[in-house]
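The next block holds one structure in the form of structure tokens; read it before the comments.
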Amino acid sequence: MESFASYLHRFKVAEGQIGVFWLGQAGFAFKSAGGTVIAVDPYYSDCCNRYFGFRRLIPYLMTPTDIEFDAIVCSHAHYDHFDVDGIPHALSNGNTRLICATDCLVECERLNIHDRITTLALGESTVCGDFTITGMACDHGELAPDALALLIECDGKKIYLMGDTCFRADLLENEVLHGTDLLILPINGAFGNLNEREGAEVCKLLKPKLAIPCHFGNFAEHGGNPGLYAEIMKTEVPEVPYRLMRVGEGIRL
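Residue 563, in our numbering, is where the sequence shown stops; the numbers in between run on with no holes.
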């Protein structure tokens, strides 16, 4: 069976397209036509089991050193988003940048990670190759006040990753978030995140060209039913296309 690293490498992206790959949990990789490849919130390991007893249920897709990403972007410091076992190894190549929410700096200090770090706060943007990444507002509760949603722009397309967030209609009033080419949203309904119905309601309000749910299937404790989300979308939000992705699957946006 072909490795994910090989699949990602040979995956062709034409001008005007973005390659989108689900890494499992809340993790995604994005590839531009120009060859820039970034990963957002990759969960390489089983560190949440070691620290909190949340055992990984999906197969491992890659090791931290399989793919030399141009950047790894971490939306906040929770370990299924900032993988404390995987991130140091993923940065060991000397080339990959770490772009992270400010609450990740405590973990960077603990792990002795000091080089090639760009912090991202609400409203700030940074450029990595063909991608522009902007920190957007989300609400992941009092234990993660610096958590971010992300707006990723490339080749005229916009991807809105909601990050870990509860339902906040006021945060969705920003016009830049309406009609994006892709909306990526959690549907697990636990630990302060949207549930399946709330996810569908977000799609109804924002009307993206495509919606992809995530944050389900990796931990028994996290919940999330993609079948229920799909049923609600089909019956109540039929105007918004959605896709349920396989772990490791890639599509062209």
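Backbone N, C-alpha and C fix where the C-beta goes; we use that ideal spot for every residue, glycine too. It should be emphasised that the depicted structure is a prediction, and the values quoted were computed from it without experimental measurement.
Enclosing alpha helix (DSSP H) for residue i [first to last residue]
i: residue 537; result: 536-546
i: residue 398; result: 397-400
i: residue 420; result: 415-420
Bridge partner(s) assigned by DSSP for residue i
i: residue 512; result: Bridge partners of residue 512: none, in fact.
i: residue 347; result: 341
i: residue 499; result: None, per the DSSP bridge assignment.
i: residue 366; result: Looking at the DSSP assignment, residue 366 forms no beta bridge with any residue, so it has no partner.
i: residue 431; result: Looking at the DSSP assignment, residue 431 forms no beta bridge with any residue, so it has no partner.
Alpha-carbon to alpha-carbon, residue j and residue i
i: residue 381; j: residue 510; result: 30 Å
i: residue 440; j: residue 467; result: 11 Å
i: residue 359; j: residue 365; result: 4 Å
i: residue 497; j: residue 521; result: 12 Å
i: residue 532; j: residue 390; result: 11 Å
i: residue 502; j: residue 458; result: 14 Å
i: residue 474; j: residue 311; result: 33 Å
i: residue 480; j: residue 356; result: 35 Å
i: residue 436; j: residue 418; result: 19 Å
i: residue 325; j: residue 341; result: 11 Å
i: residue 552; j: residue 379; result: 27 Å
i: residue 322; j: residue 343; result: 8 Å
i: residue 455; j: residue 362; result: 20 Å
i: residue 488; j: residue 406; result: 31 Å
i: residue 556; j: residue 420; result: 34 Å
i: residue 352; j: residue 492; result: 19 Å
i: residue 350; j: residue 383; result: 5 Å
i: residue 486; j: residue 402; result: 36 Å
i: residue 282; j: residue 547; result: Here the chain covers residues 311 to 563 and nothing more, so residue 282 does not appear.
i: residue 345; j: residue 438; result: 11 Å
i: residue 518; j: residue 434; result: 23 Å
Unbroken beta strand (DSSP E) run spanning residue i, endpoints
i: residue 315; result: That residue, residue 315, is in no beta strand (DSSP E); its alpha helix (DSSP H) goes 314-320.
i: residue 470; result: 467-471
i: residue 435; result: 435-438
i: residue 562; result: 560-562
i: residue 556; result: First-last for residue 556: undefined, no H or E at that position.
i: residue 408; result: 407-411
Nearest-angstrom Cβ-Cβ length linking residue i and residue j, presumed shorter than 8 Å
i: residue 335; j: residue 524; result: 7 Å
i: residue 462; j: residue 471; result: 7 Å
i: residue 527; j: residue 367; result: 7 Å
i: residue 430; j: residue 411; result: 6 Å
i: residue 494; j: residue 338; result: 6 Å
How do the segment 362-376 and the segment 421-440 stand: do at least 3 beta-carbon pairs fall below 8 Å, yes or no?
-> no
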